[in-house]
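Q: Residue numbers (my numbering), protein chains in the order written: chain A, 1 to 294; chain B, 1001 to 1313.
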Amino acid sequence: MNNHEAAPSTTGPSRPASLTPLVPHPPATSARKTRRFGSWYVAEQYLRAMKGYLDIVIAYSVGNPLIYLFAMGVGLASLVDANSGTASFDGASYLQFVAPALLASAAMMTASGEFTYGVMSGFKWWKTYYGPLATPLTPQQICQGHALAVAIRILGQSIVYLVIVLLFGAATSGWAVLSILTASLAGLAFGLPLMAYSASVRDDKGQFALVERFIVMPLFLFSGTLFPLSTLPWFLQWIGWISPVWHATEIGRVLSYGYAEPLWLSVVHVLYLLALTGGGLLLARRVYARRLEG
Amino acid sequence: MIQNPSRPAVIVADQLTKRYGDFTAVDSISFEVPAGESFGLLGPNGAGKSTTMRMIGGVSQRSGGTLSIMGLDPEQQGPEVRAHLGVVPQEDNLDQELKVRDNLIIYGRYFGLPMSYLRPKADELLEFAQLTEKSTARVDDLSGGMKRRLTIARSLINDPRVLLLDEPTTGLDPQARHILWDRLFRLKERGVTLILTTHYMDEAEQLCDRLIVVDQGRIMAEGSPAALIREYSTREVLELRFGADRNAGAADAVAGIGERIEVLPDRLLIYAHDGEAALDAVTARGLTPLTSLVRRSSLEDVFLRLTGRSLIE
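1. Alpha carbon to alpha carbon, how far is residue 165 of chain A from residue 65 of chain A?
2. Give the range of the alpha helix (DSSP H) segment to which residue 1222 of chain B is assigned.
3. Please go through the stretch 160 to 225 of chain A and give each complete beta strand (DSSP E) segment of 3 or more residues, from N-terminal end onward.
4. Count the other CB atoms, across all protein chains shown, that sit within 10 Å of the CB of residue 1079 of chain B; report buried if there are 16 or more and exposed otherwise.
5. With respect to the alpha helix (DSSP H) encompassing residue 1083 of chain B, which residues constitute its N-terminal and C-terminal limits?
6. Using 9 Å as the threshold, is the C-beta distance between residue 159 of chain A and residue 188 of chain A below it?
7. Report the residues of the stretch 1109 to 1127 of chain B with a CB closer than 7 Å to any CB of chain A, ordered along the chain.
8. In chain order, what residues of the same chain have a beta carbon less than 7 Å from the beta carbon of residue 103 of chain A, not counting five sequence neighbours either side?
9. Can you tell which of B:1211, B:1062 and B:1010 has its C-alpha closest to the C-alpha of residue 1353 of chain B?
10. Output, in chain order, the set of chain A residues within a Cβ distance shorter than 9 Å of residue 1094 of chain B.
11. Below 9 Å between beta carbons: does that hold for residue 134 of chain A and residue 193 of chain A?
12. In angstroms, rounded to a whole number, what distance separates the CA positions of residue 6 of chain A and residue 1175 of chain B?
13. Residues of chain A with a CB under 7 Å from the CB of residue 1057 of chain B: which are they?
14. For residue 124 of chain A and chain B, any beta-carbon pair shorter than 9 Å?
15. By DSSP's criteria, residue 1272 of chain B is part of a beta bridge. Which residues make up the other side?
16. What do you reckon, are the CB atoms on residue 1180 of chain B and residue 1172 of chain B nearer than 9 Å?
17. Which word fits residue 214 of chain A, buried or exposed, when buried means at least 16 other C-beta atoms lie within 10 angstroms of its C-beta?
18. For the stretch 122 to 134 of chain A against the stretch 23 to 33 of chain A, do three or more pairs of beta-carbon atoms, one drawn from each stretch, fall closer than 8 Å, so that the two count as touching?
19. For residue 1309 of chain B, which three-state DSSP category applies?
20. Could you say which of B:1233, B:1153, B:1083 and B:1203 lies nearest to residue 1112 of chain B if we only look at CA atoms?
21. Count the other CB atoms within 10 Å of the CB of residue 1011 of chain B; is the residue buried (16 or more) or exposed (fewer)?
22. How would you label residue 1234 of chain B, buried or exposed, when you count the other beta carbons within 10 angstroms and need 16 or more for buried?
23. One question on the structure: do residue 1098 of chain B and residue 49 of chain A come within less than 9 Å of each other, judged by their Cβ atoms?
24. Using a cut-off of 9 Å between C-beta atoms, extract the partners of residue 214 of chain A located in chain B.
25. Use the C-beta contact count for residue 321 of chain A: other C-beta atoms within 10 angstroms, 16 or more gives buried, fewer gives exposed.
26. Find the nearest neighbour of residue 1146 of chain B within the set B:1190, B:1168, B:1077 and B:1304, judged by alpha-carbon distance.
27. When you compare the CB of residue 115 of chain A with every CB in chain B, is at least one pair closer than 9 Å?
28. Starting from residue 140 of chain A, find everything on chain B with Cβ-Cβ shorter than 9 Å and list it in chain order.
29. Which residues does DSSP list as the beta-bridge partners of residue 1138 of chain B?
30. Going by Cα to Cα distance, which pick from B:1274, B:1262 and B:1232 is closest to residue 1298 of chain B?
31. If I measure Cβ to Cβ from residue 199 of chain A and keep anything under 8 Å in the same chain, skipping five residues before and after, which residues do I get?
32. Buried or exposed: residue 267 of chain A, going by 16 or more other Cβ atoms within 10 Å of its Cβ?
33. Does chain B have any CB closer than 9 Å to the CB of residue 188 of chain A?
34. From the DSSP output, which residues share a beta bridge with residue 1262 of chain B?
35. Quick check: the Cα distance between residue 1050 of chain B and residue 1218 of chain B, rounded to an integer number of angstroms?
36. What's the C-alpha gap between residue 1020 of chain B and residue 1033 of chain B?
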């Protein structure tokens, strides 16, 4: 049986015996390092895996803003600006008005994909969460690491988006750079509570398609994105107030063309986004721990 | 169990219990594993072996009893316990999105190991697992045996002194199993403590110094494979086949031959010290079985004796 297996291998890049054997750091060091940096290690895995479909990530990050900015900011804008002038939007052009909204919406849409199908893949389809579970990583870190990787992707995508917005001449203030952060925050404020929900789903029976259709789309359409929230009938305006996209859009407008808004309201926007992000993360951590440690 | 001070216990389980609602998967089992031993949990599917492994690995919380791994409580110090272990799960959960070699490196990152260690270590392990040529292949393109070897290589990335193997060769063809056994045997020679579950008696006999036979969450017997066979079975077994409908009837006809008779759906087992002599006694009674076979007793016979059921059903 397998004589060739027993013979010492003489081929291949084997290390000379004179070299000192490879000795890893002691287990206690592993545990200490992983306790501190575990979430980053998990994020690293996601970013490495993303390299495998980097072309798609880039095509999406560049193509998406082009499509929306041309359609809304150029096409639709020519109609809107011809009709109402710049009066309706605090002196801004329609392109300037929609750009911050499109930026925040894009962050939400990327988050909605990553935090539904991505989570399902980790628990069920590819079971990527279960391999690392046998290492010093904790379920909470597996959750946070995934969230961190998505946050990095959204941040990168928002940077590309803002560059294109600037090329379109759709932002007039240097403060617009900060809207990269507020838009990314909107992605997480929407995405992390969704992550907690997705982690509780055992079988995808179309729930995620419903989330796309009846949560993501309405939030995109009714968050003061394409028209000011105040033009909506009062019974629909609450959608804006609960929508991370509206809060991020309003700050984005303040930052990119000096839209006038009381300071306290801007503070509320940021606090609301932070609260949803923090609350969502805490909840997701708990759901992950319960499911992975059963 | 006597604790040998020169071989300190790596694992001490005392009345370890796991319940899921009303169902008790692991029912108050106690055992101890000294460093360097190959320790097996033998039992049929659903006996509670995997659940026990998951508790040892610190990924499942116990419902009762105490458990100590390298003197640490996996519930309180999960990351510290897991840093000591290598784990080969029952189902390969390799990262399908990463190449073969990257699977090893990324897994090593989870132990906080630096790239300067991981790059040469990954190459060393690929060679150990005979996967050097597959280094840049996709996991999807590997055969079942290769995936299993990669999973074992992955579990060794932190150079663990304790390796947990849950059904390491289930689903593999005989050749792939032998390659795996050979690799595991080398680890054992290097002093790695192996804890493995299996429902294959030949695997348990090949690899285990000592084992516990588990059924329905309880320990039925404990000892070395040879001692268990001595204690619960005879030296030899005579297997007789009379044809599907006639086995049960023939059992009465051979009564009194050997020490014990088991009637299985497809054959009769006569437990005797001397199988050939038993066969002579059978033919002397004018019985003509379709086939007859004399073999050594195995752990399968031990299990049959203890539970009245076969290991693989």
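Glycine residues also receive a C-beta, built at the ideal position from the N, C-alpha and C atoms.
Note that this is a predicted model, so its numbers are computed, not measured.
A: In this structure, then:
1. 8 Å
2. Counting along the chain, residue 1222 of chain B falls outside any alpha helix (DSSP H), though it belongs to the beta strand (DSSP E) covering 1218 to 1223.
3. none
4. buried
5. 1078 to 1084
6. no
7. 1109, 1110, 1111, 1112, 1113, 1117, 1120, 1121, 1123, 1124 and 1127
8. The residues 158, 161, 162, 165, 179, 183 and 252, in chain order, have a CB closer than 7 Å to that of residue 103 of chain A in the same chain once the five nearest residues on each side in sequence are set aside.
9. Absent from the structure is residue 1353 of chain B, since the part of chain B shown begins at 1001 and ends at 1313.
10. 131
11. no
12. Bear in mind that the predicted position of residue 6 of chain A carries a pLDDT of just 42, short of 50, making it too unreliable to give a figure here.
13. 134
14. No, its Cβ sits nowhere closer than 9 Å to a Cβ of chain B.
15. Among the bridge pairs identified by DSSP, residue 1272 of chain B is matched with B:1236.
16. yes
17. Residue 214 of chain A comes out exposed.
18. Contact between the stretch 122 to 134 of chain A and the stretch 23 to 33 of chain A is absent, because fewer than three Cβ pairs lie under 8 Å.
19. coil
20. B:1083
21. buried
22. buried
23. Against a cut-off of 9 Å, the Cβ pair of residue 49 of chain A and residue 1098 of chain B comes out as a contact.
24. In chain order: nothing, as chain B lies at least about 30 Å away.
25. For chain A, the structure presents residues 1 to 294; residue 321 of chain A sits outside this window and is missing.
26. B:1168
27. no
28. Correct list: empty, because the minimum Cβ distance to chain B is about 11 Å.
29. B:1099
30. Comparing alpha carbon positions, the residue from B:1274, B:1262 and B:1232 closest to residue 1298 of chain B is B:1232.
31. 119, 123, 143, 284, 287, 288 and 291
32. exposed
33. no
34. The partner list for residue 1262 of chain B (beta bridge, DSSP) reads B:1269.
35. 13 Å
36. Just so you know, the alpha carbons of residue 1020 of chain B and residue 1033 of chain B end up roughly 26 Å apart.
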